[in-house]
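The sequence shown lines up with residues -13 to 257 when you count with our numbering.
Positions of the beta carbon are idealized from the N, C-alpha and C atoms, including for glycine.
Down below is the structure, laid out as structure tokens.
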Amino acid sequence: MLKKHDFWADRMADEIIARVKKDEFLNKIVKKNGYLVYDEKTPSGEIHIGSGRGWITHDVITKALKDKGVKANFVLSNDDIDPLDKPVPEKPEYNKYLGTPFRNIPSPYPGYRSWADYYFKQATNKFDEYGINAGLASTGKDYEKGVFNDAIKIILNNSAKVQNIFQRVYNKPYNKIPFNPICEKCGKVGTTETLSWDNEKETITYICRKDLVAWSQGCNHKGEISPYNGSGKLPWKVEWAAKWVSKKVMVETGGKDHFTQGGSRTIAVLI
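Structural data, given as structure tokens:
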């Protein structure tokens, strides 16, 4: 008699389906949208082949879910609204863009819309070769389309709770309002700090600080804007939680850096 092959992705697919069946809330989402398997990549530069492990893992999980007879799809999002935060020795003329969202930085090579477009496609253009079937998304476009608006409002209305989570996990003060606007004057997102949130007007006040980070200087502009529709972004660990809820993510794994106790996933799950 043939022995059933015990494949890790099949086991994971069974666990995922069983968890959804036990949860009325997740059940409703899956009935409407299917199982969304999600991953993301910051297009900060040359992408190491080791990053491919995550994409292959998520692709295989998606295929295992489909083999179980459920609707599933894998989406990889380009985290193109993240800022350039390291000097570019091979192209020093790009150092003036430190702190600027990758999607707003010119491509280092012709034929691409932006820095983000070029480096993301370096990886995704290989997907056919690897046999990866993935829908491609843009985190920046999702912000612009208002996908995260509800989550942003919830986070800003509960800033004290978010701050408390950071303080408990890291055992040190955390007093930041968790939102980084894109400066209306210099276009940087890595140098801005939200000063206040008006939940009636639904606007934030902010400053683009010269001394906020060591790797970029802000312009000291102060402003008041709506936090919605692409005017800024949530900090990474907060953004991860917002993505799960806003995109209706059913499955997303990650490396040890994120999944170690006290890491990004710990914070995101608590949020």
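If we ignore side chains and look at the alpha-carbon of each, how far apart do residue i and residue j end up?
i, j, result
"Lys54", "Ile138", "35 Å"
"Lys18", "Val155", "35 Å"
"Glu281", "Ile211", "No answer is possible for residue 281: it lies beyond the span of the chain, which begins at -13 and ends at 257."
"Lys82", "Phe11", "47 Å"
"Asn144", "Ala228", "13 Å"
"Lys8", "Leu122", "30 Å"
"Asp25", "Ile42", "11 Å"
"Arg(-3)", "Asp184", "47 Å"
"Ile253", "Gly40", "20 Å"
"Trp230", "Phe(-7)", "26 Å"
"Ile151", "Ala58", "32 Å"
"Lys196", "Glu79", "20 Å"
"Lys112", "Gly173", "32 Å"
Within the continuous beta strand (DSSP E) that includes residue i, where are the two ends?
i, result
"Trp183", "Thr178 to Asp184"
"Gly121", "Gly121 to Ser124"
"Glu210", "Lys208 to Ile211"
"Val235", "Val235 to Val237"
"Val61", "Ala58 to Asn64"
Beta carbon of residue i, beta carbon of residue j: below 7 Å?
i, j, result
"Asn135", "Tyr214", "yes"
"Pro94", "Lys77", "yes"
"Ser124", "Asp66", "yes"
"Val133", "Ser232", "yes"
"Ala109", "Ile168", "no"
"Pro87", "Pro73", "no"
"Pro29", "Ala146", "no"
"Ala(-5)", "Phe60", "no"
Residue i CB to nearest chain D CB: under 7 Å?
i, result
"Gln149", "Among the chains in the structure shown there is no chain D, since it carries only a single protein chain."
For the alpha helix (DSSP H) holding residue i, just list the boundary residues, first then last.
i, result
"Thr191", "From DSSP, Thr191 is part of no alpha helix (DSSP H) but of the beta strand (DSSP E) over Thr189 to Cys194."
"Leu12", "Glu10 to Asn19"
"Gly40", "Gly38 to Asp53"
"Asp114", "Phe113 to Tyr116"
Since residue i contacts residue j with CB under 8 Å, what's their CB separation in whole angstroms?
i, j, result
"Tyr129", "Lys219", "6 Å"
Would you call the stretch 162 to 179 and the stretch 197 to 211 in contact, with 3 or more CB pairs under 8 Å? yes
Cβ contact (3+ pairs, closer than 8 Å) linking the stretch 29 to 47 and the stretch -11 to 6: yes
The stretch 162 to 173 / the stretch 183 to 199 touching (three or more Cβ pairs under 8 Å): yes
Can you confirm whether the stretch 12 to 32 touches the stretch 230 to 239 when touching is taken to mean that 3 or more C-beta pairs between the two stretches lie within less than 8 Å? yes
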